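What follows is a single structure, written as structure tokens, with notes after it.
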Amino acid sequence: MKKVLVLEDESSIRSFVVINLKRAGYTPIEADTAERAFIQMRQNPDIRVALLDIMLPDESIDGFEVCRRLRAADEKLGIIMLTARSQEMDKVMGLMTGADDYITKPFSPAELTARIDALYRRLGGEQDAEKSTLMFPPFKLDLRDTTFTKHDTKIRLTQVELNIIKLFMENPGKAISREEIYHSVWGSDDSSDLKIVDVNIRRVRIKIEDDPQNPVYITTVWGYGYRWGG
Ligand code: CA
């Protein structure tokens, strides 16, 4: 069973999402409040992906805070935020701590399932058996148990961050365009959302660089993308 948490307070949108997830072969687990979402997560530890609406009723914490708490509890959970078009994207991006992706309302059933499919595929870990460890001193990425270490100290990464690191470590010294990163990590050809690449790179830098303001491991290739190892 491929369970997906659907946290959305508006019942019409929730029903729309639920119907389309079922149609695509998923088992939606519904929640209309943050509290309900946490209960559902506890009762369904096999939920792999969570769809979180940002704007929840006033008495509730918002989707960002739900995201933060779910991420703190499980770094491997796939998290997709549902945002309204009226919300300012920059603010949304800045607050998207720990989310893997976002979908802007209104969205089509095809868009919804494509994003969830892509995230599920990545989480499914099509592990390449041929190579189990990638080395780039002081870093080491173990692909079997997906641990990433710097000087033998474990760095906690989300699934998306891990996939970014993997892409870089497989292509040391090569300039990789933001489009390539987006395609490889998010599994989509739609390159209208490249900002999410920058947001995640910023986050990875904070975790792995000695001085994130002056990165030396992930360097910027101006007007193009990024490069691993300067
Ligand atoms: Ca809402």
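All residue numbers for the sequence shown refer to numbering that gives the first Met the number 0, where the first residue is 0 and numbers rise by one. Virtual Cβ for every residue (Gly too), placed ideally from N, Cα, C. Treat the numbers as computed from the prediction; the structure is a model and nothing was measured.
| query | Within 8 Å: the Cβ of Asp52 and any heavy atom of ligand 1? | reply | As a first step, residue 52 must be located in the sequence shown, where it is residue number 53. Under cutoff, so the answer is yes.
| field | Per-residue burial, Lys153 [other beta carbons within 10 Å of its own, 16 or more giving buried] | value | By one-based count along the sequence shown, residue 153 stands at place 154. Classification for Lys153: exposed.
| request: Measure how close the beta-carbons of Ala83 and Val65 come, nearest whole angstrom, since I'm counting them as under 8 Å. | output: If you number the sequence shown from 1, residue 83 lands on position 84. If you number the sequence shown from 1, residue 65 lands on position 66. Not quite, the Cβ-Cβ distance comes to about 16 Å (not below 8 Å), so this is no contact.
| task | Go ahead and label Ala72 buried or exposed: buried means 16 or more other beta carbons lie within 10 angstroms of its beta carbon, across all protein chains shown. | result | Residue mapping note: residue 72 aligns to position 73 of the sequence shown, counting from 1. Exposed, since its Cβ has fewer than 16 Cβ neighbours within 10 Å.
| said: For Pro211 and Leu118, I'd like the C-alpha separation in whole angstroms. | reply: Locating residue 211 in the sequence shown gives position 212, where the first residue counts as 1. Locating residue 118 in the sequence shown gives position 119, where the first residue counts as 1. Near 27 Å, if we compare the C-alpha coordinates of Leu118 and Pro211.
| task | Consult DSSP for Tyr101 and reduce its assignment to one of helix, strand or coil. | result | To locate residue 101, count along the sequence shown from 1; it is residue 102. Of the three classes helix, strand and coil, the one that applies to Tyr101 here is strand, per DSSP.
| field | Cα-Cα separation between Leu161 and Tyr101, rounded to whole angstroms | value | Locating residue 161 in the sequence shown gives position 162, counting from the first residue. Locating residue 101 in the sequence shown gives position 102, counting from the first residue. Taking the straight line joining both Cα atoms gives about 18 Å.
| Do Arg47 and Gly77 have their CB atoms nearer than 9 Å? | Position 48 of the sequence shown, counted from the first residue, corresponds to residue 47. Position 78 of the sequence shown, counted from the first residue, corresponds to residue 77. Cβ atoms of Arg47 and Gly77: closer than 9 Å.
| Over what stretch of residues does the beta strand (DSSP E) that includes Leu6 continue unbroken? | Stepping through the sequence shown from its first residue, residue 6 is reached at position 7. Its beta strand (DSSP E) spans residues Lys2 to Leu6.
| message | So for Glu29, helix, strand or coil by DSSP? | response | Here residue 29 is taken as the residue at index 30 of the sequence shown, counted from 1. Three-state DSSP puts Glu29 in a strand.
| message | Tell me the DSSP secondary structure of Glu129 in three-state form. | response | Here the question's residue 129 lines up with position 130 in the sequence shown. With a pLDDT of 47 at Glu129, under the threshold of 50, the modelled position of that residue is not reliable, and the figure given next carries that caveat. Three-state result, Glu129: coil.
| task | Could you check which residue in Ile60, Pro105, Asp116 and Ile79 has the C-alpha nearest to that of Lys1? | result | What you label residue 1 is simply residue 2 of the sequence shown in a count that begins at 1. Ranking the options by Cα distance to Lys1, first place goes to Asp116.
| field | Leu111 Cβ short of 8 Å to ligand 1 heavy atom set | value | On the sequence shown, residue 111 is found 112 positions in, with the first residue counted as 1. Outside the cutoff, so no.
| So what's Met134 in DSSP terms, helix, strand or just coil? | Start at 1 with the first residue of the sequence shown, and residue 134 comes out as number 135. Correct three-state label for Met134: strand.
| task | Tell whether a beta-carbon distance below 9 Å holds between Arg155 and Lys104. | result | Numbered from 1 along the sequence shown, position 156 holds the residue referred to as residue 155. Numbered from 1 along the sequence shown, position 105 holds the residue referred to as residue 104. Not closer than 9 Å, so no.
| request: Measure the beta-carbon distance from Phe147 to Phe135 and round it to whole angstroms, keeping in mind my assumption that it falls under 8 Å. | output: Within the sequence shown, residue 147 is the residue found at index 148, counting from 1. Within the sequence shown, residue 135 is the residue found at index 136, counting from 1. In fact, because the Cβ distance is near 11 Å, the residues do not count as touching under 8 Å.
| message | Which of the three DSSP states is assigned to Tyr216 in this structure? | response | Mapped onto the sequence shown, residue 216 falls at position 217. Coil.
| request: Go to Thr112, then tell me how far its alpha helix (DSSP H) extends in each direction, as first and last residue. | output: For the purposes of this step, residue 112 is identified with residue 113 of the sequence shown, where counting begins at 1. Start and end: Pro108 to Leu122.
| query | Measuring CA to CA, which of Asp192, Ser187, Ser190 and Ile217 is closest to Arg201? | reply | Reading the sequence shown from its first residue, position 202 is the one you call residue 201. Ranking the options by Cα distance to Arg201, first place goes to Ile217.
| query | Along the chain, where does the beta strand (DSSP E) that runs through Asp52 open and close? | reply | By one-based count along the sequence shown, residue 52 stands at place 53. Counting along the chain, the beta strand (DSSP E) containing Asp52 begins and ends at Val48 to Asp52.
| query | Cβ-heavy atom distance between Leu166 and ligand 1 below 8 Å? | reply | On the sequence shown, position 167 is the one that residue 166 refers to. No, the beta carbon of Leu166 sits no closer than 8 Å to any heavy atom of ligand 1.
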